[in-house]
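Sequences listed follow chains A and B, in order. Reading the first sequence from the start, the letters are residues -6 to 359 in the working numbering. Reading the second sequence from the start, the letters are residues -6 to 359 in the working numbering. Note that CB positions come from ideal geometry on N, CA and C, so glycine has one too.
2 protein chains.
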Amino acid sequence: MSAQAAQRLGYAVVVLDSDPLSPASQITPFRVPQAWNSVAGTLELAASVSVITLENEWVLPSCLEKAEQGGCRTYPQSNTLQILGDKLLQRQCFYNHSLPSPKFRKLSSWDDAHQASTEWGLPLVLKSRKGGYDGYGVKIIRNAADWAKVDVLEPKEWYAEEHIAFDRELAVMISRAPSGGTAIYPVVESRQTVDGNRCDLVIAPAPSITEVAESMAKEIALRAVEAVVGVGLFGVELFAVGDRMIVNEIAPRPHNSGHYTMDGCITSQFEQHIRSICDLPLGPTDLLAPVVVMANLLAPSDGLFDLRKATAAALCASSDLHLHWYGKQEMRIGRKMGHMNLLGKDIQETISRAIAARAAFWKGLT
Amino acid sequence: MSAQAAQRLGYAVVVLDSDPLSPASQITPFRVPQAWNSVAGTLELAASVSVITLENEWVLPSCLEKAEQGGCRTYPQSNTLQILGDKLLQRQCFYNHSLPSPKFRKLSSWDDAHQASTEWGLPLVLKSRKGGYDGYGVKIIRNAADWAKVDVLEPKEWYAEEHIAFDRELAVMISRAPSGGTAIYPVVESRQTVDGNRCDLVIAPAPSITEVAESMAKEIALRAVEAVVGVGLFGVELFAVGDRMIVNEIAPRPHNSGHYTMDGCITSQFEQHIRSICDLPLGPTDLLAPVVVMANLLAPSDGLFDLRKATAAALCASSDLHLHWYGKQEMRIGRKMGHMNLLGKDIQETISRAIAARAAFWKGLT
């Protein structure tokens, strides 16, 4: 979606991917057919473009560093990715910048985790330092049986974090340009699937948020992005607990909780990202309607599908919905296959329509 | 832009084009590298897709017919293109369907044109039956010297039309699905460049249009599309003369005067086109703001360009503008290189901002 925004602005997009049918590979004829996290591939890419960006935060910082050393601009920069690619370093960075954080502890052994649980109480959260997402790489310790499950893991690859009984999850998209411009989107609420691990709905603006909370969330989010010297678009996730806000984590890229901006804001997060990394003036972040709801399309099963029937059913349910299907070749249960955006006037009415259209979509698919 | 709309909906797009750097070729890895108006290329394309559409009306109807005979759906259909690809047949079709038309006459010799000018008076309009656009293929006869200029042309390739001293040019985008659904966009005003030949600005909705005129324009436009049995999206151009409306012509594809819908309407003309040809439910055509202005980017000179500087200058002038640059490889004076959309509340203010941003753009480009 970033690539499409770049193309609209007239940029030619080169994709680094060995898969000719990945979502990004399907929308450009220009591709470096190498692994997306290889140094050789990154250098070949760097030789053919004027700026590099990424679509996931697992790109190795060392790859970006090599490109930077060769004189290619990469946004986010390798030092930003160095911090954000390791959730413990990210936590330490936020803590060092006095951002409101949960208690956390580096682990040399599982004894350190037990010690933390003694001090802070259960439940205790264990997070994988690298590679976690959507609930992968998070273990919640509630009892002795849960401890037994983690005993087989390597403690140094994890860290311990205080469990936050939050009221709701908020998110703020923030864009920063190399020459200093900043754009901050409205504070939105992200509602998770029943298992708590995946984003299900995003509601913009966050329902009944006070002006004070809105400003606080934006200020914390901006400080967090500044703490990691971010350039590009960043999704900042926050926990709201009573009248406190706690930084959960930052994604150094356009984020699922910012997909509502595609049809719901004057400037989409993807165009904003491209404007940032190309050091163009940033755009306004105003909503185009009183309410925008984004509903994720998480695969309900494995396998192939008949997309046309599903699309027709969803558009029958709500002809004004904006469907975005990512062109992934097959479904795997829980996989993010696409999303829907709906503009409306009333929060509950818009949510209901989004849920009904999504149900119609999945019914049509199978 | 149609291809991008299709990709967002999850369709894979195959382009028939021998040029690997044409605008459409730059946004998909799937290409049939043959001439876009060749039978062989069309049949190869037909073998790999479930529906064919076009981006210009000069595709030979015979190419589409071959694809149709092979069982491939093509929208618009070959019989629609047969009529619209010949401006005389188009005129005759509108006349046969009692649509308000200027007087017109088929020409066997230039004597027939002289006879028409005697009956209707000067100026007289001569139009090329095939291939004309943007003022190419239109000759206005005002005096004896003008007659001398056309004498060298083949009269059977032209037809004569009454000159209409219109007050303004209006346009309506209309989409029809194979199973009968219809979507009609707001009536817009199209303002031409000083030479009168190219679309310069489009203002949506048409300033101070009465409800009666709005309904009349929509009704005539719909009847015109029905007259040619159109499936897909059609741009209908109308002349407003006092309280009369006259059909100028129909483009059987998303149209320049509908580009405002990309950022200005719930459903863009391109998504609507894709929904039509894929027989999906059509979307609402409501404007997202009280006023939307589209400004064409017509190349002021030949040659290469520094796009980034121009984009930065335009976004500096108006950071909320939506820039669409088509990725054409070089400028030729007068060539449509892209367009800008601006949303606003006040017509004059929005037009002024669009013109200022466009001036900044061209200043930045060179």
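Close beta carbons around B:Ser11, own chain, < 7 Å, minus the five adjacent residues each side: Pro26, Gln27 and Ala28.
Members of the stretch -6 to 9 of chain A that neighbour chain B once the beta carbon cut-off is set at 7 Å: So the close ones are Gln(-3), Gln0, Arg1, Leu2, Gly3 and Ala5.
Enumerated in chain order, which unbroken segments of the alpha helix (DSSP H) with a length of 4 residues or greater are wholly contained in the stretch 173 to 209 of chain B? Qualifying alpha helix (DSSP H) stretches: none in this window.
By the three-class DSSP mapping on this structure, what secondary structure does B:Ser31 have? Assigned with DSSP and collapsed to three states, B:Ser31 falls in coil, not helix or strand.
Through-space distance from A:Asp256 to A:Thr67, alpha-carbon basis: Each residue's Cα considered, the two are about 27 Å apart.
What does B:Arg301 touch in chain A if you count any residue whose Cβ is under 7 Å from its own? Neighbours of B:Arg301 in chain A, taken as residues whose beta carbon is under 7 Å from its own, are Cys271 in chain order.
Have a look at the DSSP bridge pairing and note the partners of A:Ile243. DSSP, once it has assigned bridges, lists A:Val229 as partnering A:Ile243.
Could you run through the stretch 273 to 289 of chain A and flag, in chain order, every residue whose CB is less than 9 Å away from some CB of chain B? Legend: CB atoms of the stretch 273 to 289 of chain A lying less than 9 Å from CB atoms of chain B belong to residues Leu273, Pro274, Leu275, Gly276, Pro277, Asp279, Leu281 and Ala282.
Going by DSSP, name the residue or residues bridged to B:Ser121. Among the bridge pairs identified by DSSP, B:Ser121 is matched with B:Trp151.
Counterpart residues of A:Arg24 in DSSP-defined beta bridges: For A:Arg24, which the question treats as bridged, DSSP gives the partners A:Val8.
Please decide whether A:Ser361 counts as near chain B, where near means a Cβ-Cβ distance under 8 Å. What is shown of chain A runs -6 to 359, which leaves residue 361 of chain A out entirely.
With H, G and I counted as helix, E and B as strand and the rest as coil, what does DSSP make of B:Ala170? Look at B:Ala170 here: in three-state DSSP terms it is coil, with no helix or strand label.
Could you pull the start and end residues of the alpha helix (DSSP H) that A:Phe263 belongs to? Where A:Phe263 is concerned, the enclosing alpha helix (DSSP H) starts and stops at Gln262 to Ile270.
Contacts around B:Glu37, its chain only, beta-carbon distance under 7 Å, and the 5 residues preceding and following it disregarded: These residues qualify, in order along the chain: Val25 and Gln27.
Taking contact to mean at least 3 C-beta pairs separated by less than 8 Å, is the stretch 274 to 290 of chain B in contact with the stretch 329 to 343 of chain B? Proximity of the stretch 274 to 290 of chain B to the stretch 329 to 343 of chain B meets the contact definition, three or more beta-carbon pairs being nearer than 8 Å.
Three CB pairs or more closer than 8 Å across the stretch 221 to 239 of chain B and the stretch 90 to 109 of chain B: By the Cβ rule, the stretch 221 to 239 of chain B counts as touching the stretch 90 to 109 of chain B, because three or more pairs are nearer than 8 Å.
Residues in the same chain with beta-carbon distance under 7 Å from A:Gly223, minus the five sequence neighbours each way, listed in chain order, please. Cβ neighbours of A:Gly223 within its own chain (closer than 7 Å, five residues either side excluded): Pro69, Thr73, Arg169 and Pro245.
Within 8 Å of chain B by C-beta, residues of the stretch 188 to 209 of chain A in sequence order: Those residues of the stretch 188 to 209 of chain A that come within reach of chain B (Cβ to Cβ, closer than 8 Å) do not exist; the list is empty.
CB-CB under 7 Å to A:Lys211, same chain, minus the five flanking residues each way: which ones, in chain order? Beyond the five residues adjoining it in sequence on each side, A:Lys211 comes within less than 7 Å, by CB distance, of Val165, Ile177 and Val180 in the same chain, given in chain order.
Just to confirm before moving on: does the CB-CB distance between B:Ile167 and B:Phe232 stay below 8 Å? Cβ distance not < 8 Å, so B:Ile167 and B:Phe232 don't count as in contact.
Any idea if A:Gln(-3) is buried or exposed, counting beta-carbon neighbours within 10 angstroms, 16 or more meaning buried? Buried, because 16 or more other Cβ atoms sit within 10 Å of the Cβ of A:Gln(-3).
Taking buried to mean at least 16 other C-beta atoms within 10 Å of its own C-beta, is B:Ile76 buried or exposed? Result: buried.
Inter-stretch contact (C-beta, 8 Å, three-pair minimum) for the stretch 143 to 157 of chain A and the stretch 187 to 206 of chain A: The stretch 143 to 157 of chain A, when compared against the stretch 187 to 206 of chain A, does not touch it at the 8 Å Cβ threshold.
Starting from B:Pro293, find everything on chain A with Cβ-Cβ shorter than 9 Å and list it in chain order. Going along chain A, no residue has its Cβ under 9 Å from B:Pro293, so there is no contact; the nearest lies around 16 Å.
C-beta neighbour in chain A for B:Ser168, strict 8 Å: For B:Ser168, the answer is no, since every Cβ of chain A falls outside 8 Å of its Cβ.
Round the Cβ separation of A:Val187 and A:Tyr253 to the nearest angstrom and send it over; I've been treating them as touching at under 8 Å. No, A:Val187 and A:Tyr253 are not in contact; Cβ-Cβ is about 21 Å, not under 8 Å.
Assuming A:Glu207 and A:Glu182 form a contact by the criterion Cβ under 8 Å, report the distance between their Cβ atoms to the nearest whole angstrom. Not quite, the Cβ-Cβ distance comes to about 12 Å (not below 8 Å), so this is no contact.
Check A:Tyr129 in the structure and name its three-state DSSP category. In the structure shown, A:Tyr129 falls within a strand segment according to DSSP collapsed to helix, strand and coil.
With a 10 Å radius around its C-beta and 16 neighbouring C-beta atoms as the bar for buried, classify A:Glu147 as buried or exposed. Exposed: under 16 other Cβ atoms inside 10 Å.
Cβ of A:Trp318 less than 8 Å from any chain B Cβ? Yes, because at least one Cβ of chain B sits closer than 8 Å to the Cβ of A:Trp318.
Taking 8 Å as the limit between beta carbons, can you name the residues of its chain near A:Met330, skipping five residues before and five after? Leu290, Leu291, Ala292, Trp318, Tyr319, Lys321 and Met324.
Beta carbons nearer than 9 Å to chain E: which residues of the stretch 330 to 344 of chain A have them? The structure shown contains no chain E; the protein chains it does contain are A and B.
Residues of chain B with a CB under 9 Å from the CB of A:Gln19: which are they? Here the neighbours are Gln0, Ala5, Val6, Thr21, Pro22 and Phe23.
Under the three-state reduction of DSSP, which class applies to A:Gly251: helix, strand or coil? It is helical.
A:Ser91 CB to nearest chain B CB: under 8 Å? A:Ser91 has a beta carbon lying at 8 Å or more from every beta carbon in chain B.
Nearest-angstrom Cα distance between B:Leu358 and B:Leu314? When only Cα atoms are considered, B:Leu358 and B:Leu314 end up about 17 Å apart.
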